[in-house]
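Peer 1:
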Amino acid sequence: MYTWPSRPRLPPAVALLFVSKSRYPIAIGSAPVGANITITGGHSKEVFSGVALVSITLKSGAGYFAKASYQTKLSKPGLDDKTMKLEADLSGWYFSNRLFGSLIGLLIVDPTTGAMYRISDKAM
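Counting from 1, position 102 in the sequence shown corresponds to residue 102 in UniProt numbering; the numbering is continuous, with no gaps.
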């Protein structure tokens, strides 16, 4: 009886070694303290409303192959309103999928979860 040669075992998925996150903490402060903060995301949907000094968590993705973009408005009676744009950018770790041959991570997992993007952990 003939037995087929055994197939070489493949290593576990490399994508599991490099777990990227899709939510990032952002600290927002104001001078003077106590400004009202309103953060809106895609389609002008309000994501957060509160008073500075605050730390919140924002998603880096906005859908399949879409990065998140936020408008942050600071306002306080007697002072001019200030609006800032906060936008996710492409993570360098995203290309590790191609380096390690993970087409599933490159084309499905990271684009769907938003893990292909990052939001800088700089304080606003």
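Using N, Cα and C, we set each Cβ at its ideal position, and we do this for glycine too.
Note that the structure is a prediction, hence the values are computed from the model and not measured.
Shortest alpha-carbon distance to LEU86 belongs to which of LYS59, SER69, ALA35, SER102?
Peer 2: To locate residue 86, count along the sequence shown from 1; it is residue 86. Checked all of LYS59, SER69, ALA35, SER102; the closest Cα to LEU86 is SER69.
Peer 1: Determine the DSSP secondary structure at PRO111, reduced to helix, strand or coil.
Peer 2: By 1-based counting over the sequence shown, the position of residue 111 is 111. Helix.
Peer 1: When DSSP builds the beta bridges, which residues end up paired with residue 125?
Peer 2: Residue 125 falls outside the range modelled here, since the chain spans only 1 to 124, and no answer is possible.
Peer 1: If you compare alpha carbons, which of TYR94, GLY42, LEU79 is closest to VAL33?
Peer 2: Along the sequence shown, read from residue 1 onward, the residue named residue 33 stands at position 33. Nearest of TYR94, GLY42, LEU79 to VAL33, Cα basis: LEU79.
Peer 1: What residues in its chain sit with their C-beta under 7 angstroms from that of PRO8, if we drop five residues either side in the sequence?
Peer 2: Counting from one through the sequence shown, the residue named residue 8 turns up at place 8. Confidence at PRO8 is low in this model, with a pLDDT of 49, below 50, so the placement of that residue should be treated as unreliable; the coordinate-derived value is given next. Closer than 7 angstroms at the Cβ level, and outside the excluded window around PRO8, lies no residue.
Peer 1: Can you pull the DSSP bridge partners for LEU75?
Peer 2: To locate residue 75, count along the sequence shown from 1; it is residue 75. A small correction: the amino acid at residue 75 is Ser; Leu does not occupy that position in the sequence shown. For SER75, which the question treats as bridged, DSSP gives the partners ASN36.
Peer 1: With ILE37 and SER55 assumed to form a contact (beta carbons below 8 angstroms), what rounded beta-carbon distance in angstroms separates them?
Peer 2: Taking the first residue of the sequence shown as position 1, residue 37 is located at position 37. Taking the first residue of the sequence shown as position 1, residue 55 is located at position 55. Wrong, their Cβ atoms sit about 11 angstroms apart, outside the cutoff.
Peer 1: Roughly how many angstroms lie between the CA atoms of THR57 and GLY63, to the nearest whole one?
Peer 2: Counting from 1 along the sequence shown, the entry for residue 57 is found at position 57. Counting from 1 along the sequence shown, the entry for residue 63 is found at position 63. So the alpha carbons of these two residues sit roughly 17 angstroms apart.
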